[in-house]
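The sequence shown: position 242 = 260 (my numbering), numbered continuously.
C-beta atoms are modelled at their ideal positions from N, C-alpha and C, and glycine is treated no differently.
Worksheet: one structure, shown below.
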Amino acid sequence: MIASNMTKRSSPRIVLISPKGPLYRHRGGIFGKSLRYMPLTLPTLASLVPKELDATIQCFDEGIMDVPMDLEGDIIGLTVITGTSKRAYELADHFRSRGITVVLGGPHVTLLPDEAQQHADAIVVGYAEEEWPKLLRDFVAGNLQPRYQQGADFKLGGYPLPDRSVLPESKFLTANVFEATRGCVHNCSFCVVPAAWGRRPWQKPVEEIVEDIKRRKARKAIFIDLNLISDKHYAAKLFEALLPLKIQWYGLSTTILCDDIPLLDLAARSGCRGLLMGLESVSQGTLKKNHKAFNNPDEYPRIVKQLHARNISLQGCFVFGLDDDRPDVFMKTAKFAVECGIDLPRFAIVTPFPGTGLYKQLESEGRILTKDWQLYDGQHVVFQPAQMSIEELQLGTEKAWKYAYSWPNIFRRLRHTPASWAFALMTNYGYRYYAYRLHRFYTCDVPFEMLGGGNSGRFELPVVAHAEAMATSEVRL
Ligand code: B12
Ligand code: SF4
19 MIASNMTKRS SPRIVLISPK GPLYRHRGGI FGKSLRYMPL TLPTLASLVP
69 KELDATIQCF DEGIMDVPMD LEGDIIGLTV ITGTSKRAYE LADHFRSRGI
119 TVVLGGPHVT LLPDEAQQHA DAIVVGYAEE EWPKLLRDFV AGNLQPRYQQ
169 GADFKLGGYP LPDRSVLPES KFLTANVFEA TRGCVHNCSF CVVPAAWGRR
219 PWQKPVEEIV EDIKRRKARK AIFIDLNLIS DKHYAAKLFE ALLPLKIQWY
269 GLSTTILCDD IPLLDLAARS GCRGLLMGLE SVSQGTLKKN HKAFNNPDEY
319 PRIVKQLHAR NISLQGCFVF GLDDDRPDVF MKTAKFAVEC GIDLPRFAIV
369 TPFPGTGLYK QLESEGRILT KDWQLYDGQH VVFQPAQMSI EELQLGTEKA
419 WKYAYSWPNI FRRLRHTPAS WAFALMTNYG YRYYAYRLHR FYTCDVPFEM
469 LGGGNSGRFE LPVVAHAEAM ATSEVRL
């Protein structure tokens, strides 16, 4: 029987799910447990459930556990990113057919709300700090609306701290994961952030982050912010506040940090030991065309040296497949990464996530090969590359990984690493393991999560994209 969303309920049973497609479920990798940090999505949503509702909350992250298809609940919230949307819709359809109210939210729902709406009783578009509690109150009152939208006056402060107890901490490498900001002021053509949330940087009051770190008695912290230095003034305030905590921290930043020596020095003094930077390409032309001209490949060697001089390791991420890339791009980039001494280089196939400038361009040129969103994971070719074949892009990416993670090149790169040799070798060994088994594993699961944050990937020959490309003639995060 399908339950009515107009029925009043008390003490609702809320279930929160982070779905994962078959490629990404239970990825224990070589260490037998998830080498990921705990994502903050479900802990954040759980903390926002209004106390007066007297709700029970159950959380499932399919990366580490099974979702019982016969679970009992009154309302299920699923978080959706593009790569998991197929699985999310499958679960949503299943639970709705069992009469349970389903709510969808997250980056993919924000990018494609009309698509998500077809699989949900209600969706939340944008950040949900205000809308999720409102939605739950409406649900309990029997007055659920189909769509809730982040307000224009949204502020990222004054909410309860994430409730990390809703997920089993022991299944993750660490739960000392924090978020200071959201959004980014830049507009890189392939990036989901400006497409989904605009170019405004949202910031949590620094005191809230300090309180969260103290409450967890964290000695090491991971910041998941996609660009921690979007607002340099705020970043400086945050780093100052971290000084007395004497922690080591890891996060994501743009190369712009290295143009501001006082801020870089402050970051290092505040405990920064590892940064992930989207270096993207070794071609200035490619960067410029994709609105990332603030990156200058001529400066990359200097950036690595500046970071190393301050005991900061670098995970440098490159993407392959942008329009100027030719078949020589793979080895050129991999050799460059080795020569620069990047501690952990990563190579991804560029993904035109729906809603991004890149997606719009490729779609208008008829070059999107598949809309099977589960292949939109930075690891499959889903569009027709401009100057190479799909196979070249796939295999070239694999070659770059293998080159950068051959033993001689690991040793070459690590000559100047600021990390301890044991640590640097362990993390590189982890990446090497995957670099040589890309068709079997999902490289995101490996150790930079020990160092910091991360994106980027794995690849299998994408059967769908491949077949469609063949049919149409021919022959990057
Ligand atoms: C942890 C993380 C992961 C984890 C788990 C992600 C997951 N949900 O499954 C792992 C490591 C598995 C992962 C993998 C990948 N990730 Co990731 N990841 C993140 C990261 C760094 C943090 C997520 C987080 O904790 N956010 C904090 C919470 C509070 O924010 P939030 O999730 O956005 O949730 C808020 C709202 O969106 C909303 N909301 C979200 N879900 C729901 C659900 C309901 C019911 C409601 C009401 C509201 C709601 O409410 C929350 C509060 O406002 C984000 C970047 C970021 N800083 O957010 C990227 C991000 C989610 N990842 C991204 C990407 C691209 C990837 C990869 C493709 C990277 C790669 N090449 O490997 C893979 C995808 C794998 C796949 N299966 O396809 C993109 C998503 C883009 C997209 N369109 O899908 C993001 C946004 C980063 C980016 N580059 O822009 N990732
Ligand atoms: S790629 Fe990085 S710098 Fe560019 S818009 Fe996205 S988060 Fe900002």
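**Q.** Residues of its chain near Trp215, where Cβ-Cβ distance is below 6 angstroms and the 5 sequence neighbours each way are ignored
**A.** Contacts found: Gly201.
Q: Could you please give me the residues that DSSP links to Lys238 through a beta bridge?
A: Paired residue(s): Gln266.
**Q.** Residue environment, Met56, which counts as buried when at least 16 other CB atoms sit within 10 Å
**A.** Under this definition Met56 is a buried residue.
**Q.** Residue range of the unbroken beta strand (DSSP E) whose run includes Glu298
**A.** Per DSSP, Glu298 is one residue of the beta strand (DSSP E) stretching across Cys290 to Glu298.
Q: Give the secondary structure of Asn473 by DSSP, where H, G and I count as helix, E and B as strand, and everything else as coil.
A: Residue placement at Asn473 cannot be trusted, given a pLDDT of 30 that sits under 50; the coordinates are not used to answer.
Q) Considering only residues of the same chain and omitting the five flanking positions on each side of Gln163, which have a CB-CB separation below 7 angstroms? A) Listed in chain order, the non-local C-beta contacts of Gln163 below 7 angstroms within the same chain comprise Ala140 and Asp156, local neighbours out to five positions each way being set aside.
Q. Does DSSP classify Pro131 as helix, strand or coil?
A. If DSSP states are grouped into helix, strand and coil, Pro131 belongs with the helices.
Q. If you count every other CB in all the chains shown that lies within 10 Å of the CB of Gln402, and 16 or more means buried, which is it?
A. Counting Cβ neighbours within 10 Å, Gln402 comes out buried, since at least 16 surround it.
Q.
So if DSSP puts Arg31 in a beta bridge, which residue, or which two residues, is it bridged to?
A. According to DSSP, which records beta bridges pairwise, Arg31 is partnered with Thr74.
Q) For the stretch 191-219, which segments carrying the beta strand (DSSP E) assignment without a break, of at least 3 residues, lie completely within its bounds, in sequence order? A) Segments of the beta strand (DSSP E) lying fully in the stretch 191-219: there are none.
Q.
Are there any heavy atoms of ligand 1 lying less than 7 angstroms away from the beta-carbon of Gln379, as far as the coordinates show?
A. No; taking the cut-off as 7 angstroms, the Cβ of Gln379 has no heavy atom of ligand 1 nearer than that.
Q) Hey, Leu179 and Arg233 are a contact pair by Cβ (cut 8 angstroms); roughly how many whole angstroms apart? A) Contact flag correct, Cβ pair sits at about 7 angstroms.
Q. Is the distance from the Cβ of Ala355 to the Cβ of Ala286 below 8 angstroms?
A. No.
Q.
If you measure between the beta carbons of Ile118 and Phe78, is that distance less than 8 angstroms?
A. Their beta carbons are not under 8 angstroms apart, which means Ile118 does not touch Phe78 by this criterion.
Q: Return the chain-ordered ranges of every beta strand (DSSP E) run that is complete within the stretch 307-364 and spans a minimum of 3 residues.
A: Runs of the beta strand (DSSP E) inside the stretch 307-364: 331-338.
Q) Out of Phe371, Trp419, Gly375 and Gly303, which has the shortest C-alpha to C-alpha gap to Val400? A) Closest option to Val400, Cα to Cα, is Phe371.
Q. In whole angstroms, what is the alpha-carbon distance linking Ser29 and Arg165?
A. The straight-line gap from Cα to Cα measures roughly 23 angstroms.
Q.
Which residue marks the beginning of the beta strand (DSSP E) containing Arg165, and which one marks its end?
A. Annotation for Arg165: the continuous beta strand (DSSP E) segment containing it runs Arg165 to Gln167.
Q: Kindly indicate which residue of Lys389, Asn205, Pro212 and Ile367 has the alpha-carbon position closest to the one of Cys335.
A: Considering only Lys389, Asn205, Pro212 and Ile367, the residue with the shortest C-alpha distance to Cys335 is Ile367.
Q.
Quick check: is the beta carbon of Tyr107 nearer than 8 angstroms to any beta carbon in chain D?
A. Absent here is chain D; the protein component of the structure consists of one chain.
Q.
Given 7 angstroms as the limit, tell me if Ile242 has its C-beta closer than that to any heavy atom belonging to ligand 1.
A. Yes, the beta carbon of Ile242 sits closer than 7 angstroms to at least one heavy atom of ligand 1.
(Q) At the level of alpha carbons, what is the spacing between Glu416 and Leu332? (A) Spanning the two alpha carbons is a distance of roughly 21 angstroms.
Q. Is the stretch 125-142 in contact with the stretch 89-108, if contact means three or more CB pairs nearer than 8 angstroms?
A. Segments in contact, yes.
Q: Look at the alpha carbon of Ala259 and the alpha carbon of Gln412, and state the distance between them as a whole number of angstroms.
A: Rounded to whole angstroms, the gap between the alpha carbons of Ala259 and Gln412 is 44 angstroms.
Q) How is the alpha helix (DSSP H) around Thr59 delimited, first residue to last? A) Here the alpha helix (DSSP H) through Thr59 covers Thr59 to Ser65.
Q | Straight-line gap, Arg328 to Asp361 (C-alpha atoms, nearest Å) | A | So the two alpha carbons sit approximately 14 angstroms from each other.
Q: With Ala140 as the anchor, note down where its beta strand (DSSP E) starts and where it stops.
A: First-last of the beta strand (DSSP E) with Ala140: Ala140 to Val143.
**Q.** Whether Ile227 touches Ala198 by CB criterion (8 angstroms)
**A.** Closer than 8 angstroms, so yes.
Q.
Can you tell me whether Leu281 is buried or exposed? The criterion is at least 16 other CB atoms within 10 Å of its CB, across all chains shown.
A. It counts as buried.
Q: Drop a sphere of 10 angstroms on the beta-carbon of Glu108, count the other beta-carbons inside from all chains shown, and report buried for 16 or more, exposed for fewer.
A: Of the residues assessed, Glu108 falls on the exposed side of the cut-off, its CB having fewer than 16 other CB atoms within 10 angstroms.
(Q) Is it buried or exposed, Gly296, if we count other Cβ atoms within 10 angstroms and call 16 or more buried? (A) By the 10 Å Cβ count, Gly296 comes out buried.
Q) Taking 7 angstroms as the cut-off, is the CB of His126 close to at least one heavy atom of ligand 1? A) Yes, the beta carbon of His126 sits closer than 7 angstroms to at least one heavy atom of ligand 1.
Q: Consider the C-beta atom of Thr374 and the heavy atoms of ligand 2; say whether any pair is separated by less than 7 angstroms.
A: Within the chosen limit of 7 angstroms, ligand 2 does not reach the beta carbon of Thr374 with any heavy atom.
Q: Identify, in the order they occur along the chain, each residue of the same chain with its Cβ nearer than 6 angstroms to the Cβ of Pro212, setting aside the five sequence neighbours on each side.
A: Only residues of its own chain outside the window of five on either side were considered, and among them Asn205 have a CB closer than 6 angstroms to the CB of Pro212, listed in chain order.
(Q) Is Gly510 a contact residue of ligand 2, with contact defined as CB to any heavy atom under 7 angstroms? (A) Residue numbering for the chain in the displayed model covers 19 to 495; residue 510 lies beyond these limits and cannot be assessed.
**Q.** Where Ile367 sits in the DSSP three-state scheme
**A.** Ile367: strand per DSSP, three-state reduction.
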